[in-house]
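Read top to bottom, the protein sequences are chains U, C, Z, W, L and Y.
Letter by letter, the first sequence follows residues 669 to 837 of the working numbering.
Letter by letter, the second sequence follows residues 669 to 837 of the working numbering.
Letter by letter, the third sequence follows residues 669 to 837 of the working numbering.
Letter by letter, the fourth sequence follows residues 669 to 837 of the working numbering.
Letter by letter, the fifth sequence follows residues 669 to 837 of the working numbering.
Letter by letter, the sixth sequence follows residues 669 to 837 of the working numbering.
Reading through the structure tokens given below for one structure.
6 protein chains.
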Amino acid sequence: MRALCPGSFDPITNGHVDVIERAAALFDEVIVGVGQNSAKHNLLTPTDRVKLAKAALAHIPNVGVEEMSGLLVDFCEKREVTVIVKGLRFASDFDYELQMAQINEEVASNRGFKLETVLLPATSRWGTLSSTMVREVASFGEDISMFVPKAVAERLGDGSEPQEPTLEV
Amino acid sequence: MRALCPGSFDPITNGHVDVIERAAALFDEVIVGVGQNSAKHNLLTPTDRVKLAKAALAHIPNVGVEEMSGLLVDFCEKREVTVIVKGLRFASDFDYELQMAQINEEVASNRGFKLETVLLPATSRWGTLSSTMVREVASFGEDISMFVPKAVAERLGDGSEPQEPTLEV
Amino acid sequence: MRALCPGSFDPITNGHVDVIERAAALFDEVIVGVGQNSAKHNLLTPTDRVKLAKAALAHIPNVGVEEMSGLLVDFCEKREVTVIVKGLRFASDFDYELQMAQINEEVASNRGFKLETVLLPATSRWGTLSSTMVREVASFGEDISMFVPKAVAERLGDGSEPQEPTLEV
Amino acid sequence: MRALCPGSFDPITNGHVDVIERAAALFDEVIVGVGQNSAKHNLLTPTDRVKLAKAALAHIPNVGVEEMSGLLVDFCEKREVTVIVKGLRFASDFDYELQMAQINEEVASNRGFKLETVLLPATSRWGTLSSTMVREVASFGEDISMFVPKAVAERLGDGSEPQEPTLEV
Amino acid sequence: MRALCPGSFDPITNGHVDVIERAAALFDEVIVGVGQNSAKHNLLTPTDRVKLAKAALAHIPNVGVEEMSGLLVDFCEKREVTVIVKGLRFASDFDYELQMAQINEEVASNRGFKLETVLLPATSRWGTLSSTMVREVASFGEDISMFVPKAVAERLGDGSEPQEPTLEV
Amino acid sequence: MRALCPGSFDPITNGHVDVIERAAALFDEVIVGVGQNSAKHNLLTPTDRVKLAKAALAHIPNVGVEEMSGLLVDFCEKREVTVIVKGLRFASDFDYELQMAQINEEVASNRGFKLETVLLPATSRWGTLSSTMVREVASFGEDISMFVPKAVAERLGDGSEPQEPTLEV
Numbered sequence: 669m670r671a672l673c674p675g676s677f678d679p680i681t682n683g684h685v686d687v688i689e690r691a692a693a694l695f696d697e698v699i700v701g702v703g704q705n706s707a708k709h710n711l712l713t714p715t716d717r718v719k720l721a722k723a724a725l726a727h728i729p730n731v732g733v734e735e736m737s738g739l740l741v742d743f744c745e746k747r748e749v750t751v752i753v754k755g756l757r758f759a760s761d762f763d764y765e766l767q768m769a770q771i772n773e774e775v776a777s778n779r780g781f782k783l784e785t786v787l788l789p790a791t792s793r794w795g796t797l798s799s800t801m802v803r804e805v806a807s808f809g810e811d812i813s814m815f816v817p818k819a820v821a822e823r824l825g826d827g828s829e830p831q832e833p834t835l836e837v
Numbered sequence: 669m670r671a672l673c674p675g676s677f678d679p680i681t682n683g684h685v686d687v688i689e690r691a692a693a694l695f696d697e698v699i700v701g702v703g704q705n706s707a708k709h710n711l712l713t714p715t716d717r718v719k720l721a722k723a724a725l726a727h728i729p730n731v732g733v734e735e736m737s738g739l740l741v742d743f744c745e746k747r748e749v750t751v752i753v754k755g756l757r758f759a760s761d762f763d764y765e766l767q768m769a770q771i772n773e774e775v776a777s778n779r780g781f782k783l784e785t786v787l788l789p790a791t792s793r794w795g796t797l798s799s800t801m802v803r804e805v806a807s808f809g810e811d812i813s814m815f816v817p818k819a820v821a822e823r824l825g826d827g828s829e830p831q832e833p834t835l836e837v
Numbered sequence: 669m670r671a672l673c674p675g676s677f678d679p680i681t682n683g684h685v686d687v688i689e690r691a692a693a694l695f696d697e698v699i700v701g702v703g704q705n706s707a708k709h710n711l712l713t714p715t716d717r718v719k720l721a722k723a724a725l726a727h728i729p730n731v732g733v734e735e736m737s738g739l740l741v742d743f744c745e746k747r748e749v750t751v752i753v754k755g756l757r758f759a760s761d762f763d764y765e766l767q768m769a770q771i772n773e774e775v776a777s778n779r780g781f782k783l784e785t786v787l788l789p790a791t792s793r794w795g796t797l798s799s800t801m802v803r804e805v806a807s808f809g810e811d812i813s814m815f816v817p818k819a820v821a822e823r824l825g826d827g828s829e830p831q832e833p834t835l836e837v
Numbered sequence: 669m670r671a672l673c674p675g676s677f678d679p680i681t682n683g684h685v686d687v688i689e690r691a692a693a694l695f696d697e698v699i700v701g702v703g704q705n706s707a708k709h710n711l712l713t714p715t716d717r718v719k720l721a722k723a724a725l726a727h728i729p730n731v732g733v734e735e736m737s738g739l740l741v742d743f744c745e746k747r748e749v750t751v752i753v754k755g756l757r758f759a760s761d762f763d764y765e766l767q768m769a770q771i772n773e774e775v776a777s778n779r780g781f782k783l784e785t786v787l788l789p790a791t792s793r794w795g796t797l798s799s800t801m802v803r804e805v806a807s808f809g810e811d812i813s814m815f816v817p818k819a820v821a822e823r824l825g826d827g828s829e830p831q832e833p834t835l836e837v
Numbered sequence: 669m670r671a672l673c674p675g676s677f678d679p680i681t682n683g684h685v686d687v688i689e690r691a692a693a694l695f696d697e698v699i700v701g702v703g704q705n706s707a708k709h710n711l712l713t714p715t716d717r718v719k720l721a722k723a724a725l726a727h728i729p730n731v732g733v734e735e736m737s738g739l740l741v742d743f744c745e746k747r748e749v750t751v752i753v754k755g756l757r758f759a760s761d762f763d764y765e766l767q768m769a770q771i772n773e774e775v776a777s778n779r780g781f782k783l784e785t786v787l788l789p790a791t792s793r794w795g796t797l798s799s800t801m802v803r804e805v806a807s808f809g810e811d812i813s814m815f816v817p818k819a820v821a822e823r824l825g826d827g828s829e830p831q832e833p834t835l836e837v
Numbered sequence: 669m670r671a672l673c674p675g676s677f678d679p680i681t682n683g684h685v686d687v688i689e690r691a692a693a694l695f696d697e698v699i700v701g702v703g704q705n706s707a708k709h710n711l712l713t714p715t716d717r718v719k720l721a722k723a724a725l726a727h728i729p730n731v732g733v734e735e736m737s738g739l740l741v742d743f744c745e746k747r748e749v750t751v752i753v754k755g756l757r758f759a760s761d762f763d764y765e766l767q768m769a770q771i772n773e774e775v776a777s778n779r780g781f782k783l784e785t786v787l788l789p790a791t792s793r794w795g796t797l798s799s800t801m802v803r804e805v806a807s808f809g810e811d812i813s814m815f816v817p818k819a820v821a822e823r824l825g826d827g828s829e830p831q832e833p834t835l836e837v
């Protein structure tokens, strides 16, 4: 069974790695789909995000990283993905995930294939970590090595990615 | 008693139609107020949104569709609306609706009239449907006829409304 | 249109009175249904709860108070109630109300009649008031006159209703 | 990979069947674990709950039904279960599931094995259905055939299981 | 300023100790109030709960442990407590805490003194830990030393406190 | 102990004043930090927001108002702030506050100092008030004097701050 872990991974964090490791233990093959997300202010280009995800996930044999665009259901159909895996950290994220799961299932079903969504509850260590927070902290040149894989810390750690802060103070 | 169902209806969905039918069964007259919403990326012009809402609601005799702008309380005062009706699909939407209900009530009361807000819990069939999801799916030329009234599916179904995708993958 | 405001009203609070006044302004007639609730520790007998609700609501001409038992849908069918009205104070109460609304609608529909549920968002003054809290405070002989109608404060205010405390300290 | 769907199944509903069918499509083998739940008021005996679950799930070849008691992690260790599957209908249920997932993972890890929890978001058709509501409705001799498998409706449908109502009116 | 950390502490966990240490760093003196909670199934007697809390908190000089009964506001008035401190782990716990904070403030204000409530967000390490879960696991004689102070693990760790399990499987 | 109440205060409302008064009663000194928030559409310039906050808080002796930019933890380190105080009105705001509290604590700890976050539950009077709602209402020249301090009402009350409405109708 082939699973998809979709996200913008801007950048990939230790929380993402944890979810992907767990997905890789549950399913035969996992595609990490790095999407474009026009609604967010990106820190890194898609190419950089794929490169860092590959470096961070090189230790898991049944995981591949791919850039992804267009409708999620299209991607799943072409790549024969039958299950979408997402981490769930907060109750307040559930309603959005429920909507996505149901509409993806209905659109896939309309095209004649089954598309399941499974949610993995966060582990306690990474229960509140988010790329948004990491981007914010990194934008001030702050050390982020406790939150992200080594490759990401090296890439962003020198403070050379100045970015307009986006978080509420 | 005259009720108002406000929204951006971009486009009107089967979930909206369900809420408006239920409002029309509860109150003498229902105005569907099609608002401008500068905070959202619109797919359709206000004129088109009004036209599609009229087509989708033509079967309900005590419902009218109007374009609406300015302060909601102003509109209610001018049109002698005494109750606002909104659908509620998710617990996570409630806090926003509670704020809106209380501030509308306070501003109306300050002007000397009563303005009530009632929330209709979603029916199970349309419990997670949203215009945002429908816009996203339609933007890829996907069939949306199971989610929207016939007039909307015909208008958007030919994929001629390309739009930058706005949802998280 | 006849509406039902169901509850255990043990005792009726200022928050209940606010919701019932608003329901009475929206619908022709309102029945306040005082139910038995075996899952809760009751402070007052059903008879006392009906008596106090009647005293507290005597100023609203189109409101009646009745004791109620059995299946809610049964009561609505017999008394020709077509809309259930409930106050909603917290997002965390919504999921329960959504379940109740949908199952009541399905059971009524199975019997051949329509049963709608509308939720009234709490007003800011009584947004966090509950009978449970009032019972707890009253059980220690504390003054509760700022939370309840005059008849309730007189009945419970003398501290003569000692009760085992049930709230977490 | 062997999965466990734990619950009290008092009685098994169409919502449970949906989750178990989906779990059976994801994993090699699924054990439906019928637990005792002293905190709830039971309608059916464990023996009856197992019997009805077996009847309702007979069409899924890789599913077995077992009575279960004691610590969940113990059961998983003995039966070589590596993943727990639960349906998730509401955001408000998530915090409890997160706690359970994390403590089960920690206790299992302490004993030297891996125990994963995956949550399946409810399908729209059964998004708000619960055994509690079904028990309540059945307790009044009401028809419940639209909510439960055929075997359950036959067993409870004759109203011969009178039960003290436990829901708030 | 004297603060109160109320709870049933049945038993005190590492999460409680974390909140109390943080309260002790914010305020001059902290009373840990061990309450009776008739709504919960207790594992330990009040005397034992006080004894274990004292052992677990002996390292914090400005913390005292006391048994507590009656109305919380009464206790605060007698002991000249002006601020209540509670940990907050989940969004779903907030509505209850908000109710308690507001009613305590109103009752205190009615008696002529100020009573503030402050909520400390959980640290990530103990973000989902609860006495209920610990009681459940301990009831099966399972090792709980990673969740509780040493004194508690020694007291409960020998499995000599058999208890009817109360959690949903 | 020096506390920080951070926010964009665009404009300061009666709800903010309530939280700051309570913070000033708990801690020796309170800095009100007026931040830039590029993610929000601002109504007032930072200079104006500081000026209005100073006018609204002039009655509290141990409160100062400062403009603030850059990383919050930086500001706290330079100004020797050891506790951040935020109001909490809704359960749905908690998950964000929990994330902020934990990442601020980790970044501060990485730099060698302790940074605590305390949340004050809203009082019932201002439980649903927000700057966003006030901005919206003020943008139509509506009277906002019941929601904001006198200085703010005078500054915005003449309707001379036209602004594109940003709220959903």
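In this text, a Cβ means the ideal position worked out from N, Cα and C, and glycines have one as well.
Keep in mind it's a predicted model, so treat the numbers as computed, not measured.
CB contact check: residue i to chain C, cutoff 8 Å
i	result
Phe762(Z)	yes
Asp811(Y)	yes
Ser798(W)	no
Glu836(W)	Note that Glu836(W) has pLDDT 39, beneath the 50 cutoff, so the model's placement of it is unreliable and the number below is only indicative. Judged by the 8 Å Cβ criterion, Glu836(W) is not in contact with chain C.
Collapsed DSSP secondary structure at residue i in the structure displayed
i	result
Leu739(Z)	coil
Val698(U)	strand
Val802(L)	helix
Leu757(C)	Checking the displayed sequence, the identity of residue 757(C) turns out to be Arg instead of Leu. Note: Arg757(C) maps to coil in three-state DSSP.
Gly675(Z)	strand
Arg747(W)	coil
Glu734(L)	strand
Gly703(C)	strand
Ile752(C)	strand
Interface flag, residue i vs chain U, CB-CB below 8 Å
i	result
Gly795(L)	yes
Leu788(W)	yes
Met814(C)	yes
Ala759(L)	yes
Distance between beta carbons of residue j and residue i, contact taken as under 8 Å
i	j	result
Arg717(Y)	Pro679(Y)	7 Å
Residues of its chain near residue i, where Cβ-Cβ distance is below 7 Å and the 5 sequence neighbours each way are ignored
i	result
Glu735(L)	Val702, Pro714 and Val718
Met669(L)	Phe695, Asp696, Thr750 and Val751
Leu797(Z)	Thr681, Asn682, Gly683 and Phe815
Residue i at chain L interface by Cβ criterion, 8 Å
i	result
Glu784(W)	no
Contacting residues, own chain, Cβ-Cβ under 8 Å from residue i (five flanking each side not counted)
i	result
Glu765(Z)	Lys754, Leu756, Thr785 and Leu787
Ala776(W)	Val741, Cys744, Glu745, Lys782 and Leu783
Neighbour flag for residue i against chain W, beta carbons, 8 Å
i	result
Val685(L)	no
Chain Y within 8 Å of residue i, Cβ atoms only
i	result
Ala698(U)	Ala is not the amino acid found at residue 698(U); the sequence shown has Val there. So no, Val698(U) is outside the interface.
Ser807(Z)	no
Residues near residue i by beta carbon distance below 6 Å, same chain, minus five either side
i	result
Ala723(Z)	Ala819
Val687(L)	Gly755 and Leu788
Ala671(W)	Ala691, Phe695, Val698, Val751 and Val753
Check: Contact between the segment 802 to 812 of chain L and the segment 676 to 693 of chain L: three or more CB pairs below 8 Å?
Finding: Touching, per the Cβ criterion.
Check: Would you call the segment 731 to 745 of chain Y and the segment 693 to 700 of chain Y touching, i.e. three or more CB-CB distances under 8 Å?
Finding: Contact between the segment 731 to 745 of chain Y and the segment 693 to 700 of chain Y is present, with at least three C-beta pairs closer than 8 Å.
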